[in-house]
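Student: Please read through the structure below; I'll follow up with questions.
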Amino acid sequence: MERVPKSQEDIGVESSTLGTFMLSLDDPIMEEGEQSEDTSTGERSVFAPSSIPPRPFREPATSKYAPLPWEGHFDQEQNITIPATGEVFHVYVAGSQGPVVFCLHGGGYSGLSFALAAGKMKDKVRVVAMDMRGHGQTRTNNDADLSAETLCSDVVSVINTMFSQAPPAIILIGHSMGGAIAVRVAAQRVLATLAGVVVVDVVEGTAMASLMHMQKILSSRQMHFQSPDQAIIWSVKGGGALRNIESARISVPSTLMFDNEKQCYVWRTPLQDSEAYWRGWYEGLSEAFLSCPVAKLLLLAGTDRLDRSLTIGQMQGKFQMIVVRHSGHAIQEDEPDEFTAAVLSFIARNRIGTYGMEFMYCSQSDCDPRKVVEPPSHTFSVDARDSLLIFWSPP
């Protein structure tokens, strides 16, 4: 897995941005690809992807920044039509057993932000990653409505539509903006089988303090690309927040769309137009997180992101916190191995699912499977040299 190192200045910008969605804006675009078959029930919606005009044919690129297919990581894609509205939400699905890990991406990203992690987790859990409203291949009657209330309603509707029969245990995972939405859905207590929530690199204090800088950051990013390859290069070497080239080659094309008038690729999601909703995503997030009536994990790229409420809550043992070293804002993309280990150990520790999971955690200095080492109860760091051995356990 090839990574692109960031300068200290780049890292500073990533850390200061609302520790949330906007850093994601570097990865935004909508993907070229085949039309997906609508697998949900009901009539075909006017918002279905087939209504999108085809993009001009382009010879496949051969550079190391050429787009990569997602099929080796997710098993299938589906279009979920919400019966009450006819809106179509695009999801990627991997795995066939275990609890459902339902992934929500950050602002400007897409469900493919979780592709590498999904491929690593799908032998143990089912992974569903949705393109949220206004992102990726999802089509709604108002793509510009990115209010927290609407996004929460979307998530609940998709889950209820997909799992109307015998809903499984669900773990909500949200990165950045998606983390804020995951917390608010969990706090609403509307999902009967919700068993856990994982928040990836977003903290209210950091996010709120960064809002005043977001328009400047957004206006400074490159807006037009002659090919998806150029957008991938920009995302890992220019002003983007990604460090993992392999992940960028999978996820970035899905955040682009082709502008027929300008004859170039542009970002699928105009984040600069969503400013009215930013405060609503993050205000009160810490208290909402602490009040969630399920197991909680906060996954951070740096401890400097903790605000006062979370610092106190963490000291009181109200949630588990893991710091992933050497990662940028998009932990699930930059460090998919560590991200997967953290998520699966969280599921195992909390015995989530029909059968539950047991695990053995081996430190890098002593990885003898016969010597089981429990991670500290609330906070520990994950390193690529550590190993996490996970297996299914009968009830």
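The letter at position 318 of the sequence shown is residue 318 when you use the UniProt record's numbering, and the numbering goes up by one with no holes.
Note that CB positions come from ideal geometry on N, CA and C, so glycine has one too.
Please work out which residues of its chain come closer than 6 Å, Cβ to Cβ, to residue 295, disregarding the five sequence neighbours upstream and downstream, and give them in chain order.
Tutor: Contacts found: 196, 350.
Student: Please return the same chain residues whose Cβ sits closer than 7 Å to the Cβ of residue 331, not counting the five positions on each side in sequence.
Tutor: Excluding sequence neighbours, residue 331 sits near 200, 201, 299, 301, 324, 339.
Student: For residue 255, tell me which candidate among 221, 65, 336, 113 has the shortest Cα-Cα distance.
Tutor: The residue with the shortest Cα to Cα distance from residue 255 is 113.
Student: Quick check on DSSP: helix, strand or coil for residue 203?
Tutor: Looking at residue 203 - three-state DSSP - the assignment turns out to be coil, as it is neither helix nor strand.
Student: Can you name, in chain order, every residue of its own chain whose Cβ lies under 6 Å from the Cβ of residue 311, other than the five neighbours on each side?
Tutor: Closer than 6 Å at the Cβ level, and outside the excluded window around residue 311, lies no residue.
Student: Which residue's Cα is closest to the Cα of residue 157: 344, 127, 191, 96?
Tutor: Nearest option by C-alpha distance: 191.
Student: For residue 90, name the three-state secondary structure that DSSP assigns.
Tutor: Of the three classes helix, strand and coil, the one that applies to residue 90 here is strand, per DSSP.
Student: Does DSSP classify residue 152 as helix, strand or coil?
Tutor: Looking at residue 152 - three-state DSSP - the assignment turns out to be helix.
Student: Could you tell me which of 63, 262, 290, 110 sits nearest to residue 313, measuring between CA atoms?
Tutor: With distances taken between Cα atoms, residue 313 lies closest to 290.
Student: By Cβ distance below 7 Å, which residues in the same chain neighbour residue 384 in space, the five residues on each side in sequence not counted?
Tutor: Bear in mind that a pLDDT of 37 at residue 384, under 50, signals an unreliable position, so the model cannot answer this.
Student: Who are the Cβ neighbours of residue 272 in its own chain at under 6 Å, not counting the five residues just before and after it?
Tutor: So the qualifying residues of the chain are 218.
Student: Going by other Cβ atoms of all chains shown within 10 Å of its Cβ, with 16 needed for buried, is residue 73 buried or exposed?
Tutor: Buried.
Student: Check whether the segment 147-163 and the segment 69-85 touch, using three or more Cβ-Cβ pairs below 8 Å as the test.
Tutor: Touching, yes, given that three or more Cβ pairs across the two stretches are closer than 8 Å.
Student: Beta carbon of residue 178, beta carbon of residue 106: below 7 Å?
Tutor: Contact: yes.
Student: Assign residue 320 to buried or exposed, taking buried as 16 or more other Cβ atoms, counted over all protein chains shown, within 10 Å of its Cβ.
Tutor: The residue is buried, with at least 16 neighbouring Cβ atoms inside 10 Å.
Student: Taking the alpha-carbon positions, what's the residue 103 to residue 130 distance?
Tutor: Cα-Cα distance, rounded: 7 Å.
Student: How many angstroms separate the CA atom of residue 168 from the CA atom of residue 334?
Tutor: Approximately 29 Å between the Cα atoms of the pair.
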